[in-house]
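A.B. asks:
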Amino acid sequence: VRVATGSECFAGTDDYVYLTLQGTDGCSERHLLDKPFYNDFERGAVDSYDVTVEEDLGEIQLIKIEKRKYWYQDDWYLKYITVKTPVGDYLEFPCYRWITDEKEIVLRDGRAKLPRDDKTQILKQHRRKELESRQKMYRWKEWHPGFPLSIDAHSHSELPRDIQFDNEKGIDFILNYTKAMENLYVNRFMHMFQSSWSDFADFERIFVRISNTISEYVMQHWREDFMFGYQFLNGCNPVLIRKCTEIPKKLPVTMDMVECSLERNLTLEEEVKQGNIFIVDYELLDGVDANKTDPCTIQYLAAPICLLYKNLENKIVPIAIQLGQKPGPDNPIFLPSDATYDWLLAKIWVRSSDFHIHQTVTHLLRTHLVSEVFSIAMFRQLPAVHPLFKLLVPHMRFTIAINTKAREQLICECGLFDKANATGGGGHVQMVQKAMKDLTYSSLCFPEAIKAKGMDSKEDIPYYYYRDDGIKVWEAIKSFAEDVIHIYYESDEVVCEDVELQAFVKDIYVYGMRGVKASGFPKMIRTRETLAEYLTVIMFTTSAQHAAVNFGQYDWCSWIPNAPPTMRCPPPTEKGTVTIEQIVESLPDRGRSCWHLGAVWALSQFQDKELFLGMYPDEHFVEKPVKEAMAKFRKNLDEIVNTITERNKNKKLPYYYLSPDRIPNSVAV
């Protein structure tokens with residue numbers, strides 16, 4: 021018997037450890053493997069033992085490991101156990117779990133099995149008991165009315181040990197943000213709330229220049245219409261832009277207003293018909309309460325509508341901005357032909373609104389909270405022996421933990437989010453509640469979502485790298501999911517009969533999507549094809565989609581005027597009055613700027629020992645066909661990396677957020 025201990029912090033143990041083998045024909049005696057001061061089961065070690073059995077046990081089905089306390093609580097991370105039988109066969113028993121206190125753990129061998137594959141009562145019972153135990157540990161809870169349900173835990177320390185971070189300090193938001201501000205040399209400004217910057221150049225005092233980076237390029241070009249439009253395609257929130265099929269009545273733009281921006285000698289209506297007009301509408305922000313947690317600083321929100329145009333160079337540029345949803349004399353339509361500062365302030369308001377939608381809807385709701393739903397449902401309904409548990413568990417690593425920590429420190433009442441954001445103090449809660457109506461299954465299917473916005477044509481919109489790279493990664497994940505499905509599900513009938521799969525799907529629909537029929541989430545899966553798409557939605561959302569909208573935050577949001585987290589003056593209600601002083605007074609003060617900078621820096625960092633897409637060091641699967649499918653998946657991902665690397669050569673604005681070597685497997689930051 022070979023026993024492998026994890027290399028995580030404090031993974032080893034000095035406690036008494038016992039092993040029992042359970043076979044088809046009998047059960048072995050309890051064998052003592054380790055006791056205090058033997059120095060076995062050290063961190064990262066693989067220890068070997070000879071276990072003598074008096075009688076033939078038949079085929080080994082279960083292994084029981086018991087840990088009995090010697091002196092103090094000494095948690096042990098067990099990776100796997102390998103058993104070599106008398107006839108020379110090797111059996112792998114994956115664990116990859118913590119054994120805490122005086123607990124015992126019962127393991128099955130690593131071959132993945134559907135419920136229909138278990139013929140003996142002992143295996144059926146083990147399967148049932150594991151899920152019963154998990155369902156007591158992983159309970160659903162409503163954090164706010166209308167939200168997807170989350171884990172029933174008030175703090176990180178209340179979570180099951182298996183899903184906690186190895187080192188809680190590493191994900192302490194307060195500590196990390198403060199450290200980030202120290203590293204960025206901005207901590208001297210961090211308490212200067214209400215103190216305005218003197219001009220745009222003054223923001224450079226807290227801006228860390230790293231040569232040849234996107235953030236520096238943004239600082240140099242943020243005022244340009246090209247840079248403004250480009251971010252809708254390839255910035256950190258590239259999900260809102262859609263092709264405009266009809267100018268909405270609430271945006272009464274006329275040909276006279278935009279004629280000087282159009283380059284094809286066509287009317288505005290003709291440009292719309294030809295597919296050259298795009299729109300971004302921030303209607304969701306209409307009526308959301310601005311942050312009132314600081315009585316010394318009144319903060320403001322707007323709900324702009326932005327019209328964009330594809331010019332003859334195929335660049336997307338803004339041609340009209342209205343800062344409110346209701347047209348009228350006090351809600352003018354700002355144009356590129358207006359006074360320089362009028363147009364600049366209108367664009368800044370759009371960028372600020374985009375930041376709010378990005379943080380709360382695109383990032384928090386549509387990656388973090390949704391991924392937590394997938395995680396909880398998986399732990400509640402899929403036992404460790406199920407092939408879909410083995411497939412999905414790497415994509416759930418630390419997700420429940422990071423979200424719990426966020427509810428504890430970041431997005432809670434009086435949390436860090438309130439410090440610098442205009443949607444703090446409850447506005448972000450209202451936004452999630454409003455955004456739930458648009459959280460549909462089809463909107464999480466990447467190709468469908470792109471097509472629904474009219475953004476799928478490479479010929480019409482050639483520089484939409486988020487779309488191009490996303491489709492490649494989606495297809496690679498889907499191909500991998502299909503390969504695994506075909507190994508274990510020989511027909512659609514087998515899919516229908518899998519009661520654990522159906523319970524998993526139902527949990528997501530009932531608790532995650534709150535049983536809302538309009539969400540389009542399936543209540544049941546009947547075919548292998550549908551299952552492949554469903555698993556791709558889960559794996560893509562938890563890995564690629566989160567990477568696309570998370571890790572570019574410092575690049576695009578560190579130059580404060582390009583992504584103001586709050587505005588301290590109301591939106592302008594007339595043209596011709598805006599001054600540079602008014603713009604600077606509107607932008608965040610020194611203290612809020614520093615908190616914002618610390619936040620986007622900390623959120624853009626990978627975890628220590630990050631596991632990127634296709635990296636599966638924990639060998640939950642032991643079968644050769646699945647390992648071959650994994651190797652094929654990695655090969656496909658490597659080809660995508662090479663394609664993206666080649667495209668990005670010599671680009672001033674490279675797009676790399678969806679390069680698989682920069683996509684973590686799970687939502688963990």
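Numbered as in my numbering, the sequence shown ends at 689 without a single skipped number. Each residue gets a CB set at the ideal place from its N, CA and C atoms; glycine is no exception.
From R378 to V689, what distance separates their C-alpha atoms?
C.D. replies: Translated into positions along the sequence shown, residue 378 becomes position 358. Translated into positions along the sequence shown, residue 689 becomes position 669. Before going further, note that residue 378 is His rather than Arg in the sequence given. Cα to Cα, the separation comes out at about 15 Å.
A.B. asks: Looking at the unbroken beta strand (DSSP E) that takes in K655, where does it start and where does it end?
C.D. replies: Position 635 of the sequence shown, counted from the first residue, corresponds to residue 655. No beta strand (DSSP E) contains K655, which is instead part of the alpha helix (DSSP H) from 644–668.
A.B. asks: If you draw a straight line from the C-alpha of I396 to the C-alpha of K99, how long is it?
C.D. replies: Stepping through the sequence shown from its first residue, residue 396 is reached at position 376. Stepping through the sequence shown from its first residue, residue 99 is reached at position 79. Spanning the two alpha carbons is a distance of roughly 22 Å.
A.B. asks: Could you please give me the residues that DSSP links to F298 through a beta bridge?
C.D. replies: Indexing the sequence shown from 1 puts residue 298 at position 278. K263, L328.
A.B. asks: In chain order, what residues of the same chain have a beta carbon less than 7 Å from the beta carbon of A523, not counting five sequence neighbours either side?
C.D. replies: Numbered from 1 along the sequence shown, position 503 holds the residue referred to as residue 523. Here the set comprises Q401.
A.B. asks: Just list the residues that DSSP pairs L111 with in beta bridges.
C.D. replies: Residue numbering aside, residue 111 sits at position 91 when the sequence shown is read from its first letter. Answer by DSSP bridge pairing, in chain order: V103.
A.B. asks: Per DSSP, what kind of secondary structure is Q81 in: helix, strand or coil?
C.D. replies: Stepping through the sequence shown from its first residue, residue 81 is reached at position 61. Note: Q81 maps to strand in three-state DSSP.
A.B. asks: What ranges does the alpha helix (DSSP H) occupy inside the segment 358–443, keeping only unbroken runs of at least 4 residues that lie completely in it?
C.D. replies: Taking only runs of at least 4 residues, the alpha helix (DSSP H) segments lying wholly in the segment 358–443 are 360–377, 390–401, 407–412, 419–425, 437–440.
A.B. asks: To the nearest angstrom, report how far apart I80 and D138 are at their CA atoms.
C.D. replies: Translated into the one-based positions of the sequence shown, residue 80 becomes position 60. Translated into the one-based positions of the sequence shown, residue 138 becomes position 118. Straight-line Cα distance between these residues: approximately 14 Å.
A.B. asks: Keeping to the same chain, check which residues put their C-beta closer than 7 Å to that of M210; ignore five residues upstream and five downstream.
C.D. replies: As a working mapping, residue 210 is identified with position 190 in the sequence shown. Annotation note: pLDDT 48 at M210 (below 50); position unreliable, coordinate value reported separately. Excluding positions up to five away in sequence, the list reads M201, G611, C614, W615.
A.B. asks: From which residue to which residue does the beta strand (DSSP E) around E124 run?
C.D. replies: Numbered from 1 along the sequence shown, position 104 holds the residue referred to as residue 124. Run containing E124: 124–128, per the beta strand (DSSP E) assignment.
A.B. asks: How should I85 be labelled, buried or exposed, when 16 other C-beta atoms within 10 angstroms of its C-beta is the threshold for buried?
C.D. replies: For this step, residue 85 is matched to residue 65 along the sequence shown. Buried, because 16 or more other Cβ atoms sit within 10 Å of the Cβ of I85.
A.B. asks: Would you kindly report the start and end of the unbroken beta strand (DSSP E) that includes Q342?
C.D. replies: Within the sequence shown, numbered from 1, the residue matching residue 342 stands at position 322. It spans 336–342 - the beta strand (DSSP E) in which Q342 sits, taken as one unbroken run.
A.B. asks: Between the Cα of G108 and the Cα atoms of G32, G26, V21, R159, which residue gives the shortest distance?
C.D. replies: Here the question's residue 108 lines up with position 88 in the sequence shown. Of G32, G26, V21, R159, the residue nearest in Cα terms is V21.
A.B. asks: Can A568 and L657 be called in contact, C-beta distance under 8 Å?
C.D. replies: Here residue 568 corresponds to residue number 548 of the sequence shown, with the count starting at 1. Here residue 657 corresponds to residue number 637 of the sequence shown, with the count starting at 1. No, they are not a contact pair.
A.B. asks: H174 by DSSP, collapsed to three states: which one?
C.D. replies: As a position in the sequence shown, residue 174 is number 154, starting the count at 1. Correct three-state label for H174: coil.
A.B. asks: In terms of residue numbering, what span does the beta strand (DSSP E) encompassing L288 cover?
C.D. replies: As a working note, residue 288 is residue 268 in the sequence shown. No beta strand (DSSP E) holds L288; the alpha helix (DSSP H) holding it covers 288–293.
A.B. asks: Hey, quick one: how far does the alpha helix (DSSP H) through L555 stretch, first residue to last?
C.D. replies: Counted from its first residue, the sequence shown places residue 555 at position 535. 548–560 is the span of the alpha helix (DSSP H), which, as asked, contains L555.
A.B. asks: Which word fits I600, buried or exposed, when buried means at least 16 other C-beta atoms lie within 10 angstroms of its C-beta?
C.D. replies: One-based indexing of the sequence shown puts residue 600 at position 580. Under this definition I600 is an exposed residue.
A.B. asks: Under 8 Å, do I507 and T556 count as touching if we go by C-beta distance?
C.D. replies: Position 487 of the sequence shown, counted from the first residue, corresponds to residue 507. Position 536 of the sequence shown, counted from the first residue, corresponds to residue 556. No; because the gap between Cβ atoms is not below 8 Å, this pair is not in contact.
A.B. asks: Taking the straight line between their C-alpha atoms, what separation do you get for C434 and A472?
C.D. replies: If you number the sequence shown from 1, residue 434 lands on position 414. If you number the sequence shown from 1, residue 472 lands on position 452. Each residue's alpha carbon lies about 38 Å from the other.
A.B. asks: Which term fits C256, buried or exposed, when burial requires 16 or more other beta carbons within 10 angstroms of its beta carbon?
C.D. replies: Taking the sequence shown and counting its residues from 1, one reaches residue 256 at position 236. Buried is the call here.
A.B. asks: Answer with buried or exposed for R90, where buried requires no fewer than 16 other C-beta atoms within 10 angstroms of its C-beta.
C.D. replies: Taking the sequence shown and counting its residues from 1, one reaches residue 90 at position 70. For the sequence presented, residue 90 should be read as Tyr rather than Arg. With fewer than 16 Cβ atoms within 10 Å of its Cβ, Y90 is classed as exposed.
A.B. asks: Assuming the contact rule is C-beta atoms closer than 8 Å, A322 and L343 should be a hit. Round their C-beta distance to whole Å, please.
C.D. replies: Here residue 322 is taken as the residue at index 302 of the sequence shown, counted from 1. Here residue 343 is taken as the residue at index 323 of the sequence shown, counted from 1. Yes, A322 and L343 are in contact; Cβ-Cβ is about 5 Å, under 8 Å.
A.B. asks: Under a Cβ-count criterion, where at least 16 other Cβ atoms within 10 Å of its own Cβ denotes burial, should H174 be classed as buried or exposed?
C.D. replies: Reading the sequence shown from its first residue, position 154 is the one you call residue 174. So H174 counts as exposed.
A.B. asks: Between V536, C326, S563, which lies nearest to D681 when the distance is taken from Cα to Cα?
C.D. replies: Position 661 of the sequence shown holds residue 681. Closest by alpha carbon: S563.
A.B. asks: My output table needs one value for E502: the three-state DSSP class, helix, strand or coil.
C.D. replies: Counting from one through the sequence shown, the residue named residue 502 turns up at place 482. Of the three classes helix, strand and coil, the one that applies to E502 here is helix, per DSSP.
A.B. asks: Restricting to Cα atoms, I'd like to know which of R131, L436, E266 is closest to E643.
C.D. replies: In the sequence shown, counting from the first residue as 1, residue 643 sits at position 623. Here the closest residue by C-alpha is R131.
A.B. asks: Are L134 and F113 touching if we call contact CB-CB under 8 Å?
C.D. replies: Residue mapping note: residue 134 aligns to position 114 of the sequence shown, counting from 1. Residue mapping note: residue 113 aligns to position 93 of the sequence shown, counting from 1. Result no, Cβ atoms of L134 and F113 do not sit closer than 8 Å.
A.B. asks: Using 8 Å for Cβ pairs, my map puts V66 next to H51. What's the rounded Cβ distance?
C.D. replies: Locating residue 66 in the sequence shown gives position 46, counting from the first residue. Locating residue 51 in the sequence shown gives position 31, counting from the first residue. With a Cβ gap of about 18 Å, V66 and H51 do not count as contacting.
A.B. asks: Please report the straight-line C-alpha distance between R588 and V452, rounded to a whole angstrom.
C.D. replies: Here residue 588 is taken as the residue at index 568 of the sequence shown, counted from 1. Here residue 452 is taken as the residue at index 432 of the sequence shown, counted from 1. Taking the straight line from one Cα to the other gives about 23 Å.
A.B. asks: Name the one or two DSSP bridge partners that G348 has.
C.D. replies: Taking the first residue of the sequence shown as 1, we reach residue 348 at position 328. Beta-bridge pairing links G348 to N351.
A.B. asks: In whole angstroms, what is the alpha-carbon distance linking I101 and Y675?
C.D. replies: Here the question's residue 101 lines up with position 81 in the sequence shown. Here the question's residue 675 lines up with position 655 in the sequence shown. Straight-line Cα distance between these residues: approximately 43 Å.
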